[in-house]
Amino acid sequence: STHMVPVLKKIEGAKCEELIINQGWPEQIPIENQQLYVKLYSYIKSTKAAVSMSFDKAKSGGKKKKGQPAADKVIENCAIFVALEYPELQKKVLELMNNANWEDNKIDAAYKVQVRELIKEKKQASLALGFGSFIEKEALTEGKDIALQMTMSFNEL
2 STHMVPVLKK IEGAKCEELI INQGWPEQIP IENQQLYVKL YSYIKSTKAA
52 VSMSFDKAKS GGKKKKGQPA ADKVIENCAI FVALEYPELQ KKVLELMNNA
102 NWEDNKIDAA YKVQVRELIK EKKQASLALG FGSFIEKEAL TEGKDIALQM
152 TMSFNEL
């Protein structure tokens, strides 16, 4: 669609014709970059879904009391924060997981004991273990090396 032409012109290195009809077919991404682009695409897709859901929740205004008419809210601003690194707690979990034994993208469960020993506060330990199980699932689908990255493999959207 034509609204993408101005966006493509701003992207450094993107080839863009004046009319979209003259654009032609996209070129094949080199194989060594495909994992990065797949991860970038899934990140953008999940961020878009989260923003959409939050937008819908904000429009509805939360829980209503009985008999109260629903007022239409106009959303004027939306802020999206992107961190290039994990918070310290999650970095510690990633370091422990990196040093643990892995077999076929499956981790030895002994790292969970180490997390509990390292993080004494019960709530923080449960958050850390939840993050660890998220990384375990990602390792099964994406691979160990991608799941255990300490920073994002891309830094611009």
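In terms of my numbering, the sequence shown is residues 2 to 158. Each residue gets a CB set at the ideal place from its N, CA and C atoms; glycine is no exception. Quantities reported herein were computed from a predicted structural model and do not represent experimental measurements.
Just so you know, the alpha carbons of residue 53 and residue 61 end up roughly 13 Å apart. Counting along the chain, residue 85 sits inside no alpha helix (DSSP H), nor does DSSP assign it H or E at all.
Under the Cβ criterion (8 Å, minimum of three pairs), the segment 107-126 counts as touching the segment 86-99.
Residue burial is scored here from C-beta neighbours: residue 136 has at least 16 other C-beta atoms within 10 angstroms and is therefore classed as buried. Taking the C-beta atoms as reference points, residue 141 is found nearer than 8 Å to residue 106. Rounded to the nearest angstrom, the gap between the Cα atoms of residue 119 and residue 24 is 55 Å. Taking all protein chains in view, the Cβ of residue 75 is surrounded by fewer than 16 other Cβ atoms within 10 Å, so the residue is classified as exposed.
In the three-state reduction of the DSSP assignment, residue 28 falls in the coil class, being assigned neither a helical nor a strand state. In the three-state reduction of the DSSP assignment, residue 107 falls in the strand class, which pools E and B. In this structure residue 151 touches residue 92 by the C-beta definition: roughly 6 Å separates them, less than 8 Å.
The beta carbons of residue 36 and residue 147 sit about 7 Å from each other, so the pair counts as a contact at 8 Å. Distance from the CA of residue 40 to the CA of residue 145, rounded to the nearest whole angstrom, comes to 14 Å.
Between the beta-carbon of residue 149 and that of residue 125 there is about 21 Å, and that puts the pair past the 8 Å contact cut.
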